[in-house]
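**Student:** Protein chains in written order, with our numbering: chain L, 69 to 181; chain C, 215 to 326.
Glycine residues also receive a C-beta, built at the ideal position from the N, C-alpha and C atoms.
On a predicted model such as this, the values are computed, not experimentally measured, just so you know.
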Amino acid sequence: EAGVTQFPSHSVIEKGQTVTLRCDPISGHDNLYWYRRVMGKEIKFLLHFVKESKQDESGMPNNRFLAERTGGTYSTLKVQPAELEDSGVYFCASSQDRDYEQYFGPGTRLTVT
Amino acid sequence: LAKTTQPISMDSYEGQEVNITCSHNNIATNDYITWYQQFPSQGPRFIIQGYKTKVTNEVASLFIPADRKSSTLSLPRVSLSDTAVYYCLVGDLSYNTDKLIFGTGTRLQVFP
């Protein structure tokens with residue numbers, strides 16, 4: 069069974085540009101999470117989808133970040149416009165039931181120059 | 215959610231048992247203790263979860279004393295491939311969110 073996949077693996081963009089990250093959860097997992105680690109900091113929660121609904125978006129840093137999960141399958145995280153402090157690794161995770169066993173993807177490394 | 219404290223780093227040699235202790239003095243009655251492992255360039259991976267006493271699976275054991283203010287992850291006979299960062303997390307599944315809150319983790323280096 070395929071695990072959580074993320075695309076791209078690495079993205080380099082200039083400040084002010086837009087980037088869209090994609091996450092494909094494990095098939096059948098209703099719960100999808102976004103996390104990120106910015107340079108030198110801890111992994112931080114961004115938001116949680118249950119199917120296509122946002123269950124918890126308390127970790128979204130500001131309105132430059134927009135997450136969607138149309139149809140309750142894959143999810144996208146758009147950053148527009150990107151700022152230097154957005155650089156970091158963005159992780160996606162999914163789980164079947166609400167519990168702490170979440171399956172993480174390899175992450176997308178975002179570099180904003 | 216309860217805050218956790220772990221050693222920043224630990225060193226070990228192949229074949230040894232490694233014990234990583236995590237402090238969570240403010241753990242609440244409904245909180246569970248969960249450990250994740252992360253290799254470089256990969257996402258975190260669930261290792262083990264427990265509430266009290268001892269839990270064992272094919273990868274590790276988790277020891278939780280009666281007061282639950284700390285927990286110890288035990289890795290038997292480590293190998294070079296166990297070199298990773300280990301995170302201790304504490305959280306309550308009964309709340310309306312199961313977001314994970316990561317601390318700094320413990321960087322384990324296993325030497326030949």
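#1: Please report the distance separating the alpha-carbon of C/ILE234 from that of C/ALA242.
#2: Helix or strand or just coil, what does DSSP make of C/ASP245?
#3: Under a three-way DSSP split, which group does C/LEU314 fall into?
#4: For a quick check, are the C-beta atoms of L/VAL157 and L/ARG132 less than 8 Å apart?
#5: At least one CB of chain C closer than 8 Å to the CB of L/GLN164: is that the case?
#6: In the DSSP assignment, the beta strand (DSSP E) including C/TYR227 goes from what residue to what residue?
#7: Assuming C/THR248 and C/GLN263 form a contact by the criterion Cβ under 8 Å, report the distance between their Cβ atoms to the nearest whole angstrom.
#8: Going by the beta-carbon positions, is the gap between L/PHE113 and C/ILE315 smaller than 8 Å?
#9: Under 8 Å, Cβ to Cβ, is there at least one residue of chain C near L/TYR158?
#10: L/SER121 to C/PHE253, Cα distance in whole Å?
#11: Along the beta strand (DSSP E) that carries L/ASN99, what are the first and last residues, could you check?
**Tutor:** According to the structure shown:
#1: 21 Å
#2: strand
#3: coil
#4: no
#5: No, L/GLN164 lies away from the interface with chain C (no Cβ there is under 8 Å from its Cβ).
#6: 223-227
#7: Their Cβ separation, rounded to whole angstroms, is 4 Å, which keeps C/THR248 and C/GLN263 in contact under 8 Å.
#8: yes
#9: Output row for L/TYR158: interface = no.
#10: One alpha carbon belongs to L/SER121, the other to C/PHE253, and they sit about 31 Å apart.
#11: 99-106
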